[in-house]
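Q: I am attaching a structure below and will ask some questions about it afterwards.
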Amino acid sequence: LAKTTQPISMDSYEGQEVNITCSHNNIATNDYITWYQQFPSQGPRFIIQGYKTKVTNEVASLFIPADRKSSTLSLPRVSLSDTAVYYCLVGDNYGGSQGNLIFGKGTKLSVKP
Amino acid sequence: DVKVTQSSRYLVKRTGEKVFLECVQDMDHENMFWYRQDPGLGLRLIYFSYDVKMKEKGDIPEGYSVSREKKERFSLILESASTNQTSMYLCASTTGEVGKLFFGSGTQLSVL
Chain A
5 LAKTTQPISM DSYEGQEVNI TCSHNNIATN DYITWYQQFP SQGPRFIIQG
55 YKTKVTNEVA SLFIPADRKS STLSLPRVSL SDTAVYYCLV GDNYGGSQGN
105 LIFGKGTKLS VKP
Chain B
1470 DVKVTQSSRY LVKRTGEKVF LECVQDMDHE NMFWYRQDPG LGLRLIYFSY
1520 DVKMKEKGDI PEGYSVSREK KERFSLILES ASTNQTSMYL CASTTGEVGK
1570 LFFGSGTQLS VL
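Here the protein sequences come in this chain order: A and B. Each residue of the first sequence is one higher than the one before, starting from 5 at the first, in my numbering. Each residue of the second sequence is one higher than the one before, starting from 1470 at the first, in my numbering.
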């Protein structure tokens, strides 16, 4: 199972771009990379997912280098409401094998005014 | 929107009690999961189910059991609650689409 490593915490200011990098050296060929966001007292919420190169949606961008051993979640122009814990997951998630999804400890992002 | 509903937001139980945590999803998802979340430990998978009456152990199944009699409902059972089972319990479901879990709001269980 691919294990992920992320910074425990990060600080930023409103309006800045925030990049959170996740290491996953043992990622397997069939694994996808998925990021979740969690606010206090709520369940995690899916943000973005990718397999290789770059993926962008209305919330974030995900950059994945060619070797796929790391990925970077990019949040453009953060606001106070982006203060949350961000989780990086890798896994091969077909049918019953979704049990191999592993949530690490995540990165606690604090956005200051 | 997909909705995953957990029956209780907060629950207080006594040591030795049998505890049922209920989870219902409304999107006909095949796969359902129970996690617990503790400060400093992140989310840990207790059990998951990929079909009715099917269950698989996760990383920390000891002290727990599950039941999935209907596709939309996945129950977590603490046969004899202990204080070390005080935690936030999160239910999730998915179709099987790669990695996209939908979570409920969680049940904060306190065992006294």
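Glycine included, every Cβ here is placed at the ideal spot set by N, Cα and C.
1. Any beta carbon of chain B sitting closer than 8 Å to that of A:Lys-109?
2. Cα separation between B:Arg-1542 and B:Phe-1517?
3. Are the C-beta atoms of B:Gly-1532 and some chain A residue less than 8 Å apart?
4. So, at 7 Å on beta carbons, what are the nonlocal neighbours of A:Tyr-98 in its own chain, with the 5 sequence-adjacent residues on each side left out?
5. Using a Cβ-Cβ cutoff of less than 7 Å, which residues in the same chain neighbour B:Ser-1556 once the five nearest sequence positions on both sides are dropped?
6. Could you pull out every unbroken beta strand (DSSP E) segment of at least 3 residues lying fully inside the region 42-87 of chain A, listed in chain order?
7. How far does the beta strand (DSSP E) with B:Lys-1482 in it reach, from first residue to last?
8. Is DSSP giving A:Thr-9 helix, strand or coil here?
9. Excluding the five sequence neighbours on either side, which residues of its own chain have a C-beta within less than 6 Å of the C-beta of B:Lys-1482, listed in chain order?
10. With 8 Å set as the bound, which would you pick, yes or no: does the beta-carbon of A:Gly-100 sit closer than that to a beta-carbon of chain B?
11. With 8 Å set as the bound, which would you pick, yes or no: does the beta-carbon of A:Gln-10 sit closer than that to a beta-carbon of chain B?
12. Give the DSSP-derived three-state secondary structure of A:Gln-20 in the structure shown.
13. Is B:Phe-1489 close to chain A, meaning its C-beta is less than 8 Å from at least one C-beta of that chain?
14. If you follow the beta strand (DSSP E) that B:Tyr-1519 is part of, which residue opens it and which one closes it?
15. Could you tell me the distance, in whole angstroms, from the CA atom of B:Ser-1534 to the CA atom of B:Ile-1546?
A: On the basis of the coordinates in this document:
1. Interface residue, yes.
2. Rounded to the nearest angstrom, the two C-alpha atoms are 12 Å apart.
3. Answer no: the Cβ-Cβ gap between B:Gly-1532 and chain A never drops below 8 Å.
4. Note on A:Tyr-98: pLDDT 48, under 50, position unreliable in the model; no value is reported.
5. Answer for B:Ser-1556: Arg-1505, Gln-1506, Asp-1507, Leu-1578, listed in chain order.
6. Segments of the beta strand (DSSP E) lying fully in the region 42-87 of chain A: 49-54, 57-60, 65-68, 74-79.
7. 1479-1482 is the extent of the beta strand (DSSP E) around B:Lys-1482.
8. Annotated three-state conformation of A:Thr-9 is strand, per DSSP.
9. Only Val-1488, Ala-1550, Val-1580 meet the Cβ criterion.
10. Any reading at A:Gly-100 must be qualified, since the residue scores a pLDDT of 46, below 50, and its modelled position is unreliable; the value itself is stated next. Interface criterion met: the Cβ of A:Gly-100 is under 8 Å from a Cβ in chain B.
11. Among the residues facing chain B, A:Gln-10 is not included, as its CB has no counterpart in that chain under 8 Å away.
12. When DSSP states are grouped into helix, strand and coil, A:Gln-20 belongs to the coil group.
13. Not flagged as an interface residue toward chain A: B:Phe-1489, since no C-beta distance is shorter than 8 Å.
14. Counting along the chain, B:Tyr-1519 falls outside any beta strand (DSSP E), and DSSP gives it neither H nor E.
15. Those two C-alpha atoms are separated by around 5 Å.
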